[in-house]
Amino acid sequence: MVDTVLIAPSAPPVTRGLRSWWKRFRTGLSARVSRPFIPLFTRPADPDRSASGDVFGTRLHDSLRVASVQIATANQEGELFVWGYVPVVVAKCGLYLKENCKHPMMLVGRAVTSTLATETPGIFESSRASARAVDELQAIFSAGPRFGKDLDWKATAFTPFDVAGVFLRYLNRLPEPLIPYDLYADFRTLGVPQASTSDAITEARRMVKLLPRINQYALLYVLDLLGVFARKADMNLLTPERTPISISSR
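Using the numbering used here, you'd call the opening residue of the sequence shown number 1252 and step up by one each time.
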């Protein structure tokens, strides 16, 4: 059975042009679940043949061969569309951080309330994660045959900071970022003001299409996650200047 992660982000207050672009772009990458999806990498013939695999610190292509899941989304009619593959660690951690994950907030040494991960200030600050917990999560996502696919977050004591920490560790340890070095300078031009929102969207779409397909999948998944946090930036303080996701050249 193929593992699939369903994403259904809430509709953000975006322009009609951006929403239309996202729909067309995602549809262009998609295939109906009922039809075979042809990946751009070859999985091992026997996924249980090894008790471990190179997930962290290896190329995205190789990491996907070891541990990946399908990413699907549903249209208004409820039909599912598979639009790509992402590493298990990215999918599991991203979904955890976006879902209704609550944890106690501390104030003067005592728990006073419970908050969503998306509402937590400093969620991506590495200093707030437990190094031991991040190491443990890395071991879980590196161990076969399931590579963390069956991890039940509710049965663990990991905090959102720990989950964000291993998420960042995976991205930071990619030999090459999701936006490859040879395209980094081109992507920096996206920060230059465009004549209109439509022009900016057109240019962003053109740039994303320059990426290898597997990089597109992972980048769009990460951007979707950041979009969820951006809608609560007044609470989590995750402004563009403070966004630490390693999706560009380091």
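Where a beta carbon is used, it is the ideal one built from N, C-alpha and C, also for glycine.
Computed from a prediction, not measured in an experiment: that's the story for all the values here.
Residue i: buried (16+ other C-beta within 10 angstroms of its C-beta) or exposed?
i     : result
N1487 : buried
L1441 : exposed
P1411 : buried
Y1435 : exposed
R1420 : buried
S1314 : buried
V1385 : buried
A1325 : exposed
V1306 : buried
G1416 : buried
V1443 : exposed
P1491 : exposed
G1335 : buried
D1485 : exposed
W1273 : The predicted model places W1273 with a pLDDT of 48, which falls under 50 and marks its position as unreliable, so this point remains unresolved.
Taking the alpha carbon of residue i as the point to measure from, which residue in the options has its own alpha carbon closest?
i     : options                       : result
S1381 : H1312, A1342, D1413 and G1308 : D1413
S1377 : L1422, E1330 and D1305        : L1422
P1463 : E1427, I1322 and V1317        : E1427
L1311 : A1415, E1387, A1484 and V1337 : V1337
L1430 : L1474, R1379 and A1484        : The amino acid occupying residue 1430 in the given sequence is Ile; Leu does not appear at that position. Looking at the Cα atoms, L1474 is the closest of the given residues.
A1407 : L1388, P1396 and A1394        : A quick correction: the sequence has Thr, not Ala, at residue 1407. Taking only the C-alpha atoms, the option nearest T1407 is L1388.
R1383 : F1409, L1461 and Y1347        : F1409
R1316 : I1374, D1450 and G1395        : G1395
L1489 : A1451, I1374, Q1327 and E1328 : I1374
R1482 : L1367, L1461, E1454 and S1447 : L1367
F1438 : R1457, G1329 and I1465        : R1457
Y1432 : Q1445, A1451 and L1461        : L1461
Verify whether the separation of the beta carbon atoms of residue i and residue j is less than 8 Å.
i     : j     : result
L1425 : K1343 : no
K1349 : T1369 : yes
K1405 : V1320 : no
Y1472 : G1345 : yes
Q1467 : V1479 : no
E1418 : V1339 : Per the sequence presented here, residue 1418 reads as Phe, with Glu not at that position. Cβ atoms of F1418 and V1339: not closer than 8 Å.
A1323 : F1398 : no
T1494 : L1476 : no
Taking residue i and residue j to be in contact with their CB atoms under 8 Å, please state how far apart those CB atoms are, rounded to whole angstroms.
i     : j     : result
A1469 : V1341 : 6 Å
I'd like to confirm the pairing. Which residues does DSSP put opposite residue i in its beta bridges?
i     : result
Y1336 : Q1321
L1331 : A1325
Can you determine whether any heavy atom of the ligand SAH sits closer than 7 Å to the C-beta of residue i, and answer yes or no?
i     : result
E1376 : The ligand SAH is absent from the structure shown, which contains no ligand whatsoever.
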